[in-house]
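Trainee: Residue numbering for the sequence shown follows the numbering used here, beginning at 79 and increasing consecutively. Each residue gets a CB set at the ideal place from its N, CA and C atoms; glycine is no exception. As the structure is a computational prediction, the values presented were derived from the model and not from experiment. A single structure is presented below for examination.
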Amino acid sequence: MPNIFNPRDLSFQLYEVLSTSALCQSTRYQEHSREVFDQMLDVVERLAEEKFQPHAAKVDVHEPEFVDGKVHIIPEVKAALDAFIEAGLPAAAFDEAQGGMQLPYVICQAMAFIFGAANVSTSAYPLLSAGAANLLSAYGSEQQQCLYLKPLLEGRYFGTMCLSETQAGSSLADIKTKAELQSDGSYLISGNKMWISGGEHDMSENIVHLVLAKIPGGPAGVKGISLFIVPKYLVNDDGSLGERNDVSLAGINHKMGFRGTVNTVLHFGEHTGARGYLVGESGKGLNYMFHMMNEARIGVGLGATSLAYTGYLHALAYAKERHQGREVTAKDPMSPMVPIIEHSDVKRMLLQQKAYAEGGLALGLYCAYLVDEQRIAQQDGVSDGVDQATALLDILTPIAKSWPSEYGLQANDLAIQVHGGYGYTREYPVERLYRDNRLNPIHEGTKGIQGLDLLGRKVTQHQGASAKALYAAMSATLQQAGSDQLKPYAEQLNSAIESLFKTTQSMQQQVPEKGVSAYLANATLYLDVFGHLVVAWMWLRQAIVAEQALSNEKTGAADEGFYRGKLQTCHYFYSYELPGIQPQLTLLAQTDTTCMDFDPQWF
Numbered sequence: 079m080p081n082i083f084n085p086r087d088l089s090f091q092l093y094e095v096l097s098t099s100a101l102c103q104s105t106r107y108q109e110h111s112r113e114v115f116d117q118m119l120d121v122v123e124r125l126a127e128e129k130f131q132p133h134a135a136k137v138d139v140h141e142p143e144f145v146d147g148k149v150h151i152i153p154e155v156k157a158a159l160d161a162f163i164e165a166g167l168p169a170a171a172f173d174e175a176q177g178g179m180q181l182p183y184v185i186c187q188a189m190a191f192i193f194g195a196a197n198v199s200t201s202a203y204p205l206l207s208a209g210a211a212n213l214l215s216a217y218g219s220e221q222q223q224c225l226y227l228k229p230l231l232e233g234r235y236f237g238t239m240c241l242s243e244t245q246a247g248s249s250l251a252d253i254k255t256k257a258e259l260q261s262d263g264s265y266l267i268s269g270n271k272m273w274i275s276g277g278e279h280d281m282s283e284n285i286v287h288l289v290l291a292k293i294p295g296g297p298a299g300v301k302g303i304s305l306f307i308v309p310k311y312l313v314n315d316d317g318s319l320g321e322r323n324d325v326s327l328a329g330i331n332h333k334m335g336f337r338g339t340v341n342t343v344l345h346f347g348e349h350t351g352a353r354g355y356l357v358g359e360s361g362k363g364l365n366y367m368f369h370m371m372n373e374a375r376i377g378v379g380l381g382a383t384s385l386a387y388t389g390y391l392h393a394l395a396y397a398k399e400r401h402q403g404r405e406v407t408a409k410d411p412m413s414p415m416v417p418i419i420e421h422s423d424v425k426r427m428l429l430q431q432k433a434y435a436e437g438g439l440a441l442g443l444y445c446a447y448l449v450d451e452q453r454i455a456q457q458d459g460v461s462d463g464v465d466q467a468t469a470l471l472d473i474l475t476p477i478a479k480s481w482p483s484e485y486g487l488q489a490n491d492l493a494i495q496v497h498g499g500y501g502y503t504r505e506y507p508v509e510r511l512y513r514d515n516r517l518n519p520i521h522e523g524t525k526g527i528q529g530l531d532l533l534g535r536k537v538t539q540h541q542g543a544s545a546k547a548l549y550a551a552m553s554a555t556l557q558q559a560g561s562d563q564l565k566p567y568a569e570q571l572n573s574a575i576e577s578l579f580k581t582t583q584s585m586q587q588q589v590p591e592k593g594v595s596a597y598l599a600n601a602t603l604y605l606d607v608f609g610h611l612v613v614a615w616m617w618l619r620q621a622i623v624a625e626q627a628l629s630n631e632k633t634g635a636a637d638e639g640f641y642r643g644k645l646q647t648c649h650y651f652y653s654y655e656l657p658g659i660q661p662q663l664t665l666l667a668q669t670d671t672t673c674m675d676f677d678p679q680w681f
């Protein structure tokens, strides 16, 4: 069985490309060291291999069932989650004052990457719970944190986020769930929520639903949305569980992939009314939820990367073992067949997967590292550092979510192709990995929504502060790439950056004439271009480190092969991938409205 990830590459990303060890010099992480980080990653790798990976195929075939009003999930899922909880991992990213380990976010995301590669369905439950805990940590009252955050960090409670409704989908301004104030300060919640992952099960003592709803009489649209804690079981003031809340399971959604994560339709308040508790101020629910969603978007991108990565490793192992065909120059039909990895087209497909998987990992971990820089600067009161990290995170988050989701899926498609007909069967995991990854371009904001966010907000907000911060960060990398081998890449990337900014300016200048709708009509293409440019930057960062390592006389043979692989993959990306953005830039510069102008009656 191939490894679920490459520990050598993860170490390279964390400690050679990123200065993760240097985080320990900060006040926030001074109690930690690289040894602590490596020990945690070793624990996670062992748990992933022993408890998560073995039932990944089984939970796909035997997905959760809705029987007699209850959800039935195979017992291996709870056993894996119990081991996760016993290791103290639900609290890994949280402050010591809250009972957490206060590990850097980049280390926690690396751990999530490993679990996602092992079994994305089972690892989704703690991911959702961590998001709920993050939100309560930021906005919950002292009492709410005591009653709900503490047991979430202990792993006794799991969490969900309840946004979507059947009639609204991503258009949250149109939700209809109501919250009516009661004399005791609580609210009665009534309505239906759709696509709620982890919405009902018996694997925890309680489930904390974070529900978006509107208080009657409030403003229309998103300004009238508030956020409520709606527990599966009511919680008494002393922390003990009370009666079952009026939250009922209406049904289970049966998905193409991600089958092991139960996905539900929930009814709130069908009988007596579901008791809910306002988080923070009324009317700010969507703002609070986005605190949870933005970190979740980085997590979704890394989850997509983990599926692309393990799919690539499965394809690589298969290509080395599978003998088929001969060299094109071979004349003797009786000569031995060669491993398919010897065929140039198979190498191309493997190299493309490697470029997408390792490029996506570099991007996801870089964004996680920015979260740590942001937190360190906040704790130390360094406002410039907070502003810098926040600006970069703002503009990179839609890319970190969408690019790995799009191109990680392409990597999984290629993994199937490398396996040939076998890849299309359930005897091999690559078809399941493809199905699992197909969800990622949709949830936590579709690709189209991410494009609108990037082009409509992130590149222009605060007088272009985010775009300027990104340009400065990229420019610093370009200055480091001065060798004969890397300088052509730096020049190519710089030219692409200039083309993108000129195209953006041209599009903005056409707004008075063509309108905002035309400006945003091809936002998804803009997202693709921007994403490829950012990942090209990630590959140049890796190549700089690899080249420096190869100049070190102490670099051994195994590491030499690893670093040369990095340099050759960078060369591939700049030769095969980055040039593909030019036709899209040309189309964008014209503010083409072909799609927007197409009358629905013409379809």
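(1) Please state whether the Cβ-Cβ distance between Ala493 and Gly389 is less than 8 Å.
(2) In angstroms, rounded to a whole number, what distance separates the CA positions of Ile454 and His110?
(3) Have a look at the DSSP bridge pairing and note the partners of Ala257.
(4) Check whether the stretch 168–177 touches the stretch 356–374, counting contact only when three or more Cβ pairs, one atom from each stretch, lie closer than 8 Å.
(5) Is the number of C-beta pairs between the stretch 641–658 and the stretch 603–617 that are closer than 8 Å three or more?
(6) If we count Cβ pairs, one from each stretch, closer than 8 Å, do we get three or more for the stretch 615–633 versus the stretch 91–98?
(7) Starting from Cys240, follow its DSSP beta bridges and name the residues at the other end.
(8) Would a C-beta distance cut-off of 8 Å place Leu578 and Leu530 closer than the cut-off?
(9) By DSSP's criteria, Lys409 is part of a beta bridge. Which residues make up the other side?
(10) Find the nearest neighbour of Pro417 within the set Asp670, Lys398, Gly437, judged by alpha-carbon distance.
(11) Please say whether Phe306 and Gly351 have beta carbons closer to each other than 8 Å?
(12) Based on Cα-Cα distance, which residue from Val607, Ser249, Pro168, Arg234 lies nearest to Ile575?
(13) Would you list the residues sitting across from Asn341 in a DSSP beta bridge?
(14) Name the one or two DSSP bridge partners that Ile303 has.
(15) Is Arg516 buried or exposed, if buried means 16 or more other CB atoms sit within 10 Å of its CB?
(16) What number of angstroms, rounded off, separates the C-alpha of Ala251 from the C-alpha of Trp680?
(17) Can Met674 be considered in contact with the ligand ADP, in the sense that its beta carbon sits closer than 7 Å to one or more heavy atoms?
(18) So what does DSSP say about Phe336, is it helix, strand or coil?
(19) Does DSSP classify Tyr444 as helix, strand or coil?
(20) Let's see if you can read the secondary structure: which residues bound the beta strand (DSSP E) around Leu356?
(21) With respect to the beta strand (DSSP E) encompassing Lys148, which residues constitute its N-terminal and C-terminal limits?
(22) Looking at the strands, I want to know which residues DSSP matches up with Asp284.
(23) In this structure, how does DSSP classify Arg404 when only helix, strand and coil are distinguished?
(24) Helix, strand or coil: which one does DSSP assign to Val325?
(25) Going by the beta-carbon positions, is the gap between Ala393 and Val508 smaller than 8 Å?
(26) For Glu143, which beta-bridge partners are listed by DSSP?
(27) Where in the stretch 179–248 do unbroken runs of the alpha helix (DSSP H), each at least 4 residues long, occur, reported from the N-terminal end onward?
(28) Assign Phe346 to one of three DSSP states: helix, strand, or coil.
(29) Note the first and the last residue of the continuous beta strand (DSSP E) segment covering Leu312.
(30) Considering only the beta carbon of each residue, do Gly338 and Val137 sit closer than 8 Å?
(31) Quick one, which of Leu385, Ala210, Asp670, Cys648 has its alpha-carbon nearest Met371's?
(32) Classify Gly459 as helix, strand or coil using the three-state DSSP reduction.
(33) Identify whether Val594 lies in helix, strand or coil by the three-state DSSP scheme.
(34) Which stretch, first to last residue, makes up the alpha helix (DSSP H) that contains Asp173?
(35) Please name the residue, chosen from Asn331, Asp450, Ala126, Arg513, that lies closest to Ala161 on a Cα-to-Cα basis.
(36) Across the stretch 536–550 and the stretch 469–483, are there enough close Cβ pairs to call them in contact, namely three or more that are closer than 8 Å?
Mentor: Short version:
(1) Contact: yes.
(2) 14 Å
(3) Ile267
(4) no
(5) yes
(6) yes
(7) Val289
(8) no
(9) Answer is none; Lys409 lacks a bridge partner.
(10) That would be Lys398, whose Cα lies nearest to the Cα of Pro417.
(11) No, Cβ-Cβ distance for Gly351 and Phe306 is not below 8 Å.
(12) Val607
(13) Ser275
(14) Lys292
(15) buried
(16) It is roughly 30 Å from the alpha-carbon of Ala251 to the alpha-carbon of Trp680.
(17) In the structure shown, the ligand ADP is absent, as is every other ligand, since no ligand is present at all.
(18) coil
(19) helix
(20) Per DSSP, Leu356 belongs to the beta strand (DSSP E) from 352–356.
(21) The continuous beta strand (DSSP E) containing Lys148 extends over residues 148–150.
(22) Contrary to the premise, residue 284 reads as Asn rather than Asp in this sequence. Its beta-bridge partners are Tyr235.
(23) coil
(24) strand
(25) yes
(26) His150
(27) 183–196, 198–217, 228–232
(28) strand
(29) 311–313
(30) Taking 8 Å as the cut-off, the Cβ atoms of Gly338 and Val137 count as close.
(31) Ala210
(32) coil
(33) Assigned with DSSP and collapsed to three states, Val594 falls in helix.
(34) Run containing Asp173: none; DSSP gives neither H nor E here.
(35) Ala126
(36) Because the criterion of three Cβ pairs below 8 Å is met, the stretch 536–550 and the stretch 469–483 touch.
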